[in-house]
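Novice: Got a structure for you, written out below as structure tokens; questions coming shortly.
There are 4 protein chains.
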Amino acid sequence: MQNLKEKRGDQTYETYQSISVDYIKGGYLDGTIGFGAKPAIIVIDYQKAFTTFEATLGTSDLIQQGVENTAILLKEARKKGVQIFFTNVAWREDRKDFGMWKGKMTQCLKEATLGTWGVEVDDRLKMEDGDIFFYKKWPSAFHGTPLSTYLTTKGIDTLIVTGCTTSGCVRGTIYDSFSSGFRTIVPYGCVGDIIQSAHEQNLADIHKRYADVLPLEKVITYIREL
Amino acid sequence: MQNLKEKRGDQTYETYQSISVDYIKGGYLDGTIGFGAKPAIIVIDYQKAFTTFEATLGTSDLIQQGVENTAILLKEARKKGVQIFFTNVAWREDRKDFGMWKGKMTQCLKEATLGTWGVEVDDRLKMEDGDIFFYKKWPSAFHGTPLSTYLTTKGIDTLIVTGCTTSGCVRGTIYDSFSSGFRTIVPYGCVGDIIQSAHEQNLADIHKRYADVLPLEKVITYIREL
Amino acid sequence: MQNLKEKRGDQTYETYQSISVDYIKGGYLDGTIGFGAKPAIIVIDYQKAFTTFEATLGTSDLIQQGVENTAILLKEARKKGVQIFFTNVAWREDRKDFGMWKGKMTQCLKEATLGTWGVEVDDRLKMEDGDIFFYKKWPSAFHGTPLSTYLTTKGIDTLIVTGCTTSGCVRGTIYDSFSSGFRTIVPYGCVGDIIQSAHEQNLADIHKRYADVLPLEKVITYIREL
Amino acid sequence: MQNLKEKRGDQTYETYQSISVDYIKGGYLDGTIGFGAKPAIIVIDYQKAFTTFEATLGTSDLIQQGVENTAILLKEARKKGVQIFFTNVAWREDRKDFGMWKGKMTQCLKEATLGTWGVEVDDRLKMEDGDIFFYKKWPSAFHGTPLSTYLTTKGIDTLIVTGCTTSGCVRGTIYDSFSSGFRTIVPYGCVGDIIQSAHEQNLADIHKRYADVLPLEKVITYIREL
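These protein sequence lines are chains A, B, C and D, in that order. Going by the working numbering, the residue at position 124 of the first sequence is 155; the numbering climbs one at a time, nothing skipped. Going by the working numbering, the residue at position 217 of the second sequence is 248; the numbering climbs one at a time, nothing skipped. Going by the working numbering, the residue at position 199 of the third sequence is 230; the numbering climbs one at a time, nothing skipped. Going by the working numbering, the residue at position 120 of the fourth sequence is 151; the numbering climbs one at a time, nothing skipped.
Next comes the structure, spelled out in structure tokens:
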């Protein structure tokens, strides 16, 4: 696994961890959730509206990196028959289904329209027949979607979260995964954000409380040993 | 309102706003949700486990400030009959209801035990008879609680969110309030955190997407004009 | 409105009401929820898998009647700009999204497959551009769908429920509409079932507790006066 | 197990099953969900407001029978360490938390007030330290409560539902248990209702679609073999 490209510029797993120092000063300790017996992977919003350079919000190096690392992770997961979920945000052209985004994000989400290129999964991730895809309309992949029931029916106890953005839909999904009682794992380098400081701070927030943020290698090792 | 103490050290409304510059560079624009016709206020986790200096997580200046500013806000709200909700986190002593916190926060949440001082609302906030109090067990005040139904039954369209911590339960609540279709307002200075960098970054994340983070004065002006 | 065909065989509004006598003997009283200020209509599962005679579950007179009465209701609603929602059940051909139906309904739901005729809305109901359609996978139109957020964002306080089957997805939707805090109205004659005894008993159960089951005329009068 | 008193008057397991004939004529088949690996039991609303003869809604033979059969079931479950949940409905005296019940049930639910005898679990059921109790405010034990997270965190895949009333909160809970992806089992004789026809029709509706309605003996045999 020497070619895992988790480092980019000054963005490293160590950098993110250093934010944790403030947490430890504040009285938080370091804990671990740990892996369960039956994982699934979810890929959040790695859709062309966010992963192609033509898109309004598509200019992020961290997201490019995230897509490529996630492709590596999915390849390993398929070998073991791990269930893979994909979800993209998508709205009607008339935005009657846009909810409260209207006040804030009308312009920068304009390419996430049903039936257009912006809501297609990035080509590098190659969905397969047994994967489960669904659209969502709000940050969390759980809110207003069948995800929770899918996980419960299939006896899944561990949700491995990838996608973008770390400070938006990834974090929203992690809140719900944690609160719903699933073990939640974030392979560092498989999530990306447009804003680097947001990416790092959010990963620190998440790791202190809700999920294990781990190097991708550790997640792949776990999957290989299933 | 000259005595609104929203400034503390280098923590000001302007400082938090400067984080937004990265967002604007990334393609986000500034938008506004706006106030609705019928607001409610929720006070999240201003309970003695987080607001008294004896508590493990009780040493935060931002939280002290948040409690005091929230007391000012509630006084104004009561004059207008605005419904006030309080929620605290609380678990059984045997922690059979602790969910996935067990991996991360066992030690630092040890004072939030049902039937003990740690789950009482801070004395400065003085609950009254018509207020609605409920316990919660996970970050969002919506998750596994009756809050959403209360709001809908009462025809509330705007949720004003106060409490702690900004990067924890406040943010979790804001995700759900936004995703559930409520106008969500955060009076800056009424929310607090143990970690200042987390506080600021999270407010910037929130303001760019999900809620209006506003000076307390603006929120009080809105309430006075109801 | 003399041509409202709510009567069919021994199935009348009075018959259903007579079941209520048992409830009154049991200690229940008759109460009324009442109409709110802003209604929406939802049409549940009036899809070809249940409304055409070729379909396994398509032989019901009550459902035929329900479709025709609902067409009348929608026509009135459109004149007043009332928001109309349609939802159908639909699953993947491989049924990886079938949840717990697998034990019970594999055979009789086989025509509700994505991309086939069975998941199309009945032609008599004529969807229009401003209507909102979504698929669901479980009985309630709220479970795992964006419906609740749509209602809240649009300020809707009253949900008028039509569709089939009364003892299945209609009742499941009414539970959630009631529990979520919406005023819930069932125009008698706009809901249908395959089993007449189930239809009548379920309407009695519902009317005693959760919703106003009303003659269609009363609902139309309310809509005309909006 | 010869003393299992599931028969009372003309109310027998066979009677309820005969209703199914209409379902079979309508195109439904008989299917089975089956038991999973890790069950829990929930006891719904066997509280004094519904189980004592003094109470407005407390005169039901079926409910008396249900309490006694549930006591037998719980005794077996405790031997095997099966997690037991209890939930009661309870509201504030001022009913600010009453939601949409206000239109229908104000009078007949008046004894389910927080802090009074009506919200205590029936004495015959003897709660123990490891049991988990929570209040609810709407029919389903899932709606606005932590139940779903408890089940997921504990790896429970099978929910055995007891309590009252069959046509009210029991059925509401079964909808959500089914829709959430849990195997749902109803031991016939452990659920009760005030209205016998409602009891029987609802069990038929449920068994055809959402849950296995089984003789208590079969459920006890399963538990003994865990």
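Glycine included, every Cβ here is placed at the ideal spot set by N, Cα and C.
If we define contact as Cβ-Cβ less than 8 Å, is C221(C) a contact residue for chain D?
Specialist: no
Novice: Can you tell me whether F66(B) is buried or exposed, with buried defined as 16 or more other CB within 10 angstroms of its CB?
Specialist: buried
Novice: According to DSSP, is C262(A) part of a helix, a strand, or is it coil?
Specialist: This structure cannot settle anything about residue 262(A), because the visible part of chain A is limited to 32 through 257.
Novice: Mind checking if V192(C) is an interface residue toward chain D, Cβ cutoff 8 Å exclusive?
Specialist: V192(C) does not count as touching chain D.
Novice: Consider the Cβ of P170(A): report whether some Cβ of chain C lies at a distance smaller than 8 Å.
Specialist: no
Novice: Between G223(D) and G134(C), which are expected to be in contact by the criterion C-beta below 8 Å, what is the C-beta distance as a whole number of angstroms?
Specialist: The Cβ separation is near 25 Å, so there is no contact.
Novice: Are A172(A) and T118(A) touching if we call contact CB-CB under 8 Å?
Specialist: yes
Novice: Just by C-beta distance, which residues in the segment 59 to 75 of chain A are closer than 9 Å to chain C?
Specialist: none
Novice: Flag this pair as touching only if the segment 183 to 196 of chain D and the segment 124 to 144 of chain D have three or more C-beta atom pairs under 8 Å; answer yes or no.
Specialist: no
Novice: Taking the beta carbon of M32(C) as the centre, do at least 16 other beta carbons fall within 10 Å, making it buried, or is it exposed?
Specialist: In this prediction, M32(C) has a pLDDT of 44, which is less than 50 and means its spatial position is unreliable; nothing more can be read from the coordinates.
Novice: Could you check the C-alpha separation between E151(B) and F116(B) for me, to the nearest Å?
Specialist: 14 Å
Novice: Report back the beta-carbon spacing between Q232(D) and A242(C) to the nearest angstrom; my notes put them in contact at under 8 Å.
Specialist: Actually they do not touch by this definition, with Cβ atoms about 18 Å apart.
Novice: Considering only DSSP beta bridges, list what W122(A) is partnered with.
Specialist: T144(A)
Novice: Closest to T184(D) by C-alpha separation, out of V74(A), A71(A), F213(A), Y219(A), would be which residue?
Specialist: F213(A)
Novice: First and last residue of the beta strand (DSSP E) that includes D243(D)?
Specialist: 243 to 246
Novice: Provide the residue span of the beta strand (DSSP E) that contains F165(D), from first to last.
Specialist: 163 to 167
Novice: Short check: CB of I254(C) to CB of A68(C), under 8 Å?
Specialist: no
Novice: Residues in the segment 173 to 187 of chain B with C-beta within 9 Å of chain E's C-beta atoms, listed in sequence order?
Specialist: No chain E is present in this structure, whose protein chains are A, B, C and D.
Novice: Taking C-beta pairs closer than 9 Å, name the residues in chain D that Y54(C) reaches, listed in chain order.
Specialist: I225, I226, A229
Novice: Using a Cβ-Cβ cut-off of less than 8 Å, give me the residues of the segment 229 to 246 of chain C that come near chain D, in sequence order.
Specialist: A229, Q232, N233, A235, D236, K239, R240, Y241, D243
Novice: Please list the terminal residues of the continuous beta strand (DSSP E) segment that includes A71(D).
Specialist: 70 to 75
Novice: What did DSSP end up calling T215(A) once you bin it into helix, strand or coil?
Specialist: strand
Novice: If you run the structure through DSSP and keep just helix, strand and coil, what is F116(B)?
Specialist: strand
Novice: So is C139(C) in contact with chain D if we call contact Cβ pairs under 8 Å?
Specialist: yes
Novice: Could you tell me whether the Cβ of D207(B) comes closer than 8 Å to any Cβ of chain D?
Specialist: no
Novice: Over the uninterrupted beta strand (DSSP E) stretch that includes V192(A), give me the two end residues.
Specialist: 189 to 195
Novice: Spell out whether any CB of chain D is found under 8 Å from the CB atom of K249(C).
Specialist: no
Novice: If we ignore side chains and look at the alpha-carbon of each, how far apart do K111(B) and A71(B) end up?
Specialist: A direct Cα-Cα distance of roughly 11 Å separates K111(B) from A71(B).
Novice: Residues of chain D with a CB under 9 Å from the CB of I163(B): which are they?
Specialist: R123, K127, D128
Novice: Is the beta carbon of G149(A) closer than 8 Å to that of R86(A)?
Specialist: Reading the sequence as shown, one finds Ala at residue 86(A) and not Arg. Contact flag set, yes.
Novice: Should L156(B) be listed as close to the ligand NAP, given that the test is whether its C-beta is under 7 Å from any heavy atom?
Specialist: Annotation note on the ligand NAP: not contained in the displayed structure, which lists no ligands.
Novice: Quickly, what does DSSP pair V222(B) with across the bridge? List them, please.
Specialist: G194(B)
Novice: Against chain B, which members of the segment 82 to 113 of chain A pass a CB distance test of less than 8 Å?
Specialist: T87, L88, T90, S91
Novice: So, is the C-beta of Q42(A) closer than 8 Å to a C-beta in chain C?
Specialist: With a pLDDT of 46 at Q42(A), under the threshold of 50, the modelled position of that residue is not reliable, and no figure is offered here.
Novice: Does F260(D) have its Cβ less than 8 Å from a Cβ in chain A?
Specialist: This structure cannot settle anything about residue 260(D), because the visible part of chain D is limited to 32 through 257.
Novice: Measuring alpha carbon to alpha carbon, tell me which residue in Y54(D), I94(D), L178(D) is nearest T196(D).
Specialist: Closest by alpha carbon: I94(D).
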